[in-house]
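Q:
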Amino acid sequence: MEFDQILTTLPAPAEKRIALRISPAAERAIRSGHPWLFANAIRQQSHDGRSGDLAVIFDRKRRFLAIGLYAPASPIRVRILAQGQPTKIDADWFLYKLETAVEQRLSLLQTNTTGYRLVHGENDGLPGLVIDRYGENYVLKLYTTAWVPHLPALLRGLLAVAQPTRIILRLSRFVQRQHDALFGLADGQLLFGKPLKKWVRFLENGLYFGSDVKKKKKTGFF
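Have a look at this one:
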């Protein structure tokens, strides 16, 4: 399936956001920077949502606390994208996060290294998402189906900041079981570029390594 065809099969993010009120303990955790909201901490919810909807979290005085990705089938009900100040989550926001991740890894290139973790989930403000670079190949792994509606924005952003030869999708075992929320996506699927016929090669501190990024555990090496 071609790149544009893959993108058109995925649902667009819902325009209506879910409003949540949460427990005092969860309020404190989010204010301190915790990146997850668990299902048992939700006290009020405006309406049912689907995986990938944006959820806005309010405190007891109806003040904004955070915004994140909603996942109804996960005990981690919301993965926080931004907290403290209201934030517009759109393609430009994802592009900015990817640009920041690239800039923070530029020093690795000076060590003759072309294989490394470009996006490290919560540490880069993109919880539940990992992107690893293997030379000119990039492997994107999802740990929650909440990222599925946002894949078009992520992929276009990655193409803009990294110019990959190909992009391969990996899915955690938990995500693989949620068939209805994947819209035909599969573990090891080629999202962009020509089919991969052999292991990828990359450098780490001047040494060559190879890996099967489509079938090996995690993203193939890291």
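If you count by the numbering used here, then the sequence shown holds residues -14 to 207, one letter each, in order. Glycine included, each C-beta is placed from N, C-alpha and C at the ideal position. Since the structure is predicted, the reported quantities are computational estimates derived from the model, not experimental observations.
Going by DSSP, which residues form a beta bridge with Val63?
A: Val63 pairs with Leu22 and Tyr55.
Q: Out of Ala4, Arg2, Trp78 and Trp21, state which residue places its alpha-carbon closest to the alpha-carbon of Ala11.
A: The candidate whose alpha carbon is nearest that of Ala11 is Trp21.
Q: Check whether the Cβ atoms of Ala56 and Arg141 sit closer than 8 Å, and answer yes or no.
A: Not in contact: Ala56 and Arg141 (Cβ atoms no closer than 8 Å).
Q: Taking the C-alpha atoms as reference points, what is the distance between Ser36 and Arg155?
A: Between Ser36 and Arg155, the C-alpha separation is close to 18 Å.
Q: Return the chain-ordered list of same chain residues with a C-beta closer than 6 Å to the C-beta of Ala(-1), the five sequence neighbours on each side being excluded.
A: Here the set comprises Asp38.
Q: Measure the CB-CB distance between Asn122 and Arg151 and report whether it falls below 8 Å.
A: Yes, the Cβ-Cβ distance between Asn122 and Arg151 is below 8 Å.
Q: Check His32 in the structure and name its three-state DSSP category.
A: Three-state DSSP puts His32 in coil, outside helix and strand.
Q: Per DSSP, Glu189 forms a beta bridge with which residues?
A: Glu189 pairs with Leu192.
Q: From Val87 to Val146, what does the alpha carbon distance come to, in whole angstroms?
A: If I take the Cα positions, the gap works out to 7 Å.
Q: How big is the Cα-Cα spacing for Gln174 and Pro149?
A: Taking the straight line from one Cα to the other gives about 15 Å.
Q: Starting from the N-terminal side, write out each stretch of the beta strand (DSSP E) that is 3 residues or longer and does not extend beyond the segment 124 to 155.
A: DSSP runs (the beta strand (DSSP E)) wholly in the segment 124 to 155: none.
Q: Can you tell me which of the three DSSP states Gln95 falls into?
A: Looking at Gln95 - three-state DSSP - the assignment turns out to be coil, as it is neither helix nor strand.
Q: Here's a check: name, in chain order, each residue in its chain whose Cβ is nearer than 8 Å to the Cβ of Lys182, leaving out the five neighbours to either side.
A: So no residue of the chain qualifies.
Q: So does the segment 119 to 133 actually touch the segment 98 to 107, counting three or more Cβ pairs closer than 8 Å?
A: Contact between the segment 119 to 133 and the segment 98 to 107 is present, because at least three Cβ pairs lie under 8 Å.
Q: Going by alpha carbons, who is nearest to Leu94 out of Val198, Thr(-6), Lys200 and Phe187?
A: It is Phe187 whose Cα lies nearest to the Cα of Leu94.
Q: Quick check: the Cα distance between Val63 and Asp33, rounded to an integer number of angstroms?
A: So the alpha carbons of these two residues sit roughly 13 Å apart.
Q: Under 8 Å, do Ala26 and Ser8 count as touching if we go by C-beta distance?
A: Yes, Cβ-Cβ distance for Ala26 and Ser8 is below 8 Å.
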